[in-house]
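So in this note's numbering the end of the sequence shown lands on 934, straight run, no missing numbers. Note that beta-carbon positions come from the ideal geometry of N, C-alpha and C, so glycine has one too. Working notes, structure below.
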Amino acid sequence: MRMRVLILLAVSFFFVLCGQKKEQKGIVISNPQALNHLRIGQQYIEQDQFDAAIGELRAAVKLDSTLAEAWDRLGFVLAMENHLTEAVEAAQRAVKLVPNNAFYRQHLASNYVALGKHAEAIKEYKKAIEIDENYAHAYHGLGFLYALSNDNERAIKLYKKAISLKPDEAEFHYDLGNAYSKQNKLEEAVKEYKESIKINPRFTKAYYALGNTYIKLGKQHEGERELEIFKKLEAAEKEIAKRKNVVAKNPTDPAAYCYLGSAYLQQNDYSEAAKTFRNALKIDPQYSDALFGLGVVLLKQNQVGAALQRLKQAVESGLRKPKLYHALGMAYFRKGMYDEAITAYKKALKMKPDFVSAYSGLGDAYQAQGQLEKAVANYKKALQFDSTMALVYCKIGDIYRQQGKFEEAMEVYTKALKITPNLGIAQWGLAQAYQGKKKTKTNR
491 MRMRVLILLA VSFFFVLCGQ KKEQKGIVIS NPQALNHLRI GQQYIEQDQF
541 DAAIGELRAA VKLDSTLAEA WDRLGFVLAM ENHLTEAVEA AQRAVKLVPN
591 NAFYRQHLAS NYVALGKHAE AIKEYKKAIE IDENYAHAYH GLGFLYALSN
641 DNERAIKLYK KAISLKPDEA EFHYDLGNAY SKQNKLEEAV KEYKESIKIN
691 PRFTKAYYAL GNTYIKLGKQ HEGERELEIF KKLEAAEKEI AKRKNVVAKN
741 PTDPAAYCYL GSAYLQQNDY SEAAKTFRNA LKIDPQYSDA LFGLGVVLLK
791 QNQVGAALQR LKQAVESGLR KPKLYHALGM AYFRKGMYDE AITAYKKALK
841 MKPDFVSAYS GLGDAYQAQG QLEKAVANYK KALQFDSTMA LVYCKIGDIY
891 RQQGKFEEAM EVYTKALKIT PNLGIAQWGL AQAYQGKKKT KTNR
C-alpha cells in the first residue's frame, strides 16, 4: 500500500518538476542562497539521492521560510524516506504559503494517504480539482482512494476522467484495469492492462496483473507468457535497485554510475542510461567507461554523430575493448564511412576472434563497398560461431541472388526459415530466388 502511494506521489511530483507547475504569485525570495539550495536539492532528487536532497531543502527553508517550492519538494523527499509526519507538515507549509496551487494540494493529499488519513486526503484532492479542473493526477488520486474503500463505480468514473485528460499515463490505465477486475469485468481489465504496457513496456506489475487475468479467463498460455515477462522485469528491477544503492553509497565515484548505467542499458532504458553515464562524466569528463557507455546509448538513440564523438573520445582516453571497436564500426558504417568501419571491426576481431557480431558487421561493410566475396566470407565466419543467425543467412542469400546464384540463394533462405519459420525477408527472398531460377531456365 505504502509503495503504491509513493509511486503516485513520485509520478505527480515529477510531472511538476518537468515544468508544468502553476505560477506562485506573491512570493518574494528574501535570500538568493535559498534558491541555490533548492536547485541543488532538485538535482539530488533527480538522481534519487534523497538524503542529500533533504539536507539541501532544509537549508533552503531555513534561509527562506516563505519558499513554498522548497517546502513542497521537502515534503516529497521526506515521504520517500518514510518520514511521513514531517512530510505532511512540510506539505502543509507549502499549501499555507500558496493555497491556490493545485499541485501542492495534490502532494499534501498523497502524503495524507501515506499516513492513513484518507478523509483529509479526499478533502485536499477535491480542493486541487476546484483550483484546476483539468488536473488529471488529482482525479486519479481521488479515484485511488475510492478504490481502496471498494467504491469501484466512483473510482472508475474518476480514472476515466483522469485518462481523458492525460491518456498517456500508464498508471491510470493500470488502476482502471484493477477496478474492472474487482468488478469481474475481465475483458475490460485486459484492455486497460495492455494499454498501460503499450505506454510503458517496462511496467512490471501490469504484466503480473495481465497474466493473472488471462488465467482467470482460461487463457493459460497467454497468462504464463505475461507472467514470464513479469519475472524477468522484476529481476531487472531488483538489480537496478541494488546498483542504485551502490551509487547512493558512492556518490562521487564515476564507476558506480557506470555500473548503474549498464543495467539501464541492458533494459533498453536509454533515457535513464544516458542520464546516468552523463552523471559519471560530470565527476570525471574523461572517464572512459562512461564515454563508451554514453556512446552506445547515443547510437541506440540514432544520434550517430554524437555517438561517434563519444566513442572516439573513449578510445583517446585509453580504453581498449572489443565491444568499443564494434560500436565504433557500427557508428562508422551508419555514417557511410566504410573503410573506417572495416578497420574498427578488424580491431574488435583481433581482440576477440569469436566476436560474431563483428564478423557480421564486417560483412555488411564489405557488401556496402561491393566486395561481395569478402562479405560472404565474413558472414559465413559469423555462422561458424553461431549457426542460428537467420538474418545472416538472408544476407548471404541476397548476395547470391545478386550474383545470379539462385540455387545457392534458395538453400540459404531455406536454412533461415528453418530457424525462424515466419521470417518475412527470408520468405520474400526465397520467392525471388525461385522466380530467378525459373527465368534462367526459360531463357536457356
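In chain order, what residues of the same chain have a beta carbon less than 6 angstroms from the beta carbon of residue i, not counting five sequence neighbours either side?
i	result
Phe484	Since the first residue shown for the chain is 491 and the last is 934, residue 484 is missing from the structure and cannot be characterised.
Ile705	Gly713
Ala796	Leu788
Leu655	Asn624 and Ala626
Tyr869	Gly853, Val882, Lys885 and Ile886
Ala524	Ala550, Leu553, Asp554 and Leu557
Glu716	Tyr697, Leu700 and Gly701
Lys511	Interpretation of Lys511 is limited by its pLDDT of 41, a score under 50 that renders its predicted location unreliable; no figure is taken from the coordinates.
Ala916	Cys884, Tyr903, Ala906 and Leu907
Apply the 10 Å Cβ neighbour rule to residue i and answer buried if 16 or more other Cβ atoms are within range, or exposed otherwise.
i	result
Glu546	buried
Leu750	buried
Ser639	exposed
Thr703	buried
Pro522	exposed
Ala731	exposed
Asn642	buried
Pro657	exposed
His711	exposed
Asn735	exposed
Lys688	exposed
Arg583	buried
Lys651	buried
Ala725	exposed
Ser686	buried
Ser778	buried
Gln857	buried
Gly701	buried
Glu682	buried
Asn674	exposed
Glu761	With the sequence shown as reference, residue 761 is identified as Ser, and Glu is not the correct amino acid for it. Exposed, because fewer than 16 other Cβ atoms sit within 10 Å of the Cβ of Ser761.
Val518	For Val518, the pLDDT reaches just 48, beneath the cut-off of 50, and the residue's location in the model is therefore unreliable, leaving the point undetermined.
Gly606	exposed
Arg810	exposed
Gly531	buried
Pro911	exposed
Leaving out five residues on either side along the sequence, give the residues of the same chain with a beta carbon under 8 angstroms from the beta carbon of residue i.
i	result
Tyr924	Phe896 and Met900
Leu528	Glu546, Leu547, Ala550, Leu557, Glu559, Ala560 and Arg563
Asp759	Arg692
Asn893	Checking the sequence, you will find Gln at residue 893 rather than Asn. Around Gln893: Leu862.
Tyr747	Val737, Thr766, Phe767, Asn769, Ala770, Ile773 and Ala780
Give every residue of the same chain whose Cβ lies closer than 7 angstroms to the Cβ of residue i, excluding the five residues on either side of it in the sequence, and list them in chain order.
i	result
Gly785	Ala797, Arg800, Leu801, Ala804 and Ala817
Ala838	Pro812, Tyr815, His816, Gly819, Phe845 and Ala848
Thr904	Leu920
Arg824	Val794
Asp538	Lys734
Please find out if some non-hydrogen atom of the ligand FMN comes closer than 7 angstroms to the beta-carbon of residue i.
i	result
Lys811	The ligand FMN is not part of this structure, which contains no ligands at all.
(Q) Below 8 angstroms, how does it come out for the segment 697-707 and the segment 651-662: are there three or more Cβ pairs, yes or no? (A) no
(Q) With three or more beta-carbon pairs closer than 8 angstroms as the criterion, would you say the segment 554-571 touches the segment 760-768? (A) no
Q. Touch check for the segment 740-755 and the segment 714-722: three-plus C-beta pairs under 8 angstroms?
A. No, because fewer than three Cβ pairs between the segment 740-755 and the segment 714-722 fall closer than 8 angstroms, the two stretches do not touch.
(Q) Just to confirm the assignment: which complete alpha helix (DSSP H) runs, minimum length 4, are found wholly within the segment 596-628? (A) 608-621
Q: Could you tell me which uninterrupted beta strand (DSSP E) segments, each at least 3 residues in length, are contained entirely in the segment 858-919, listed from first to last along the chain?
A: none
Q) Which runs of the alpha helix (DSSP H) fall wholly inside the segment 711-767 and span at least 4 residues, in chain order? A) Runs of the alpha helix (DSSP H) inside the segment 711-767: 744-756.
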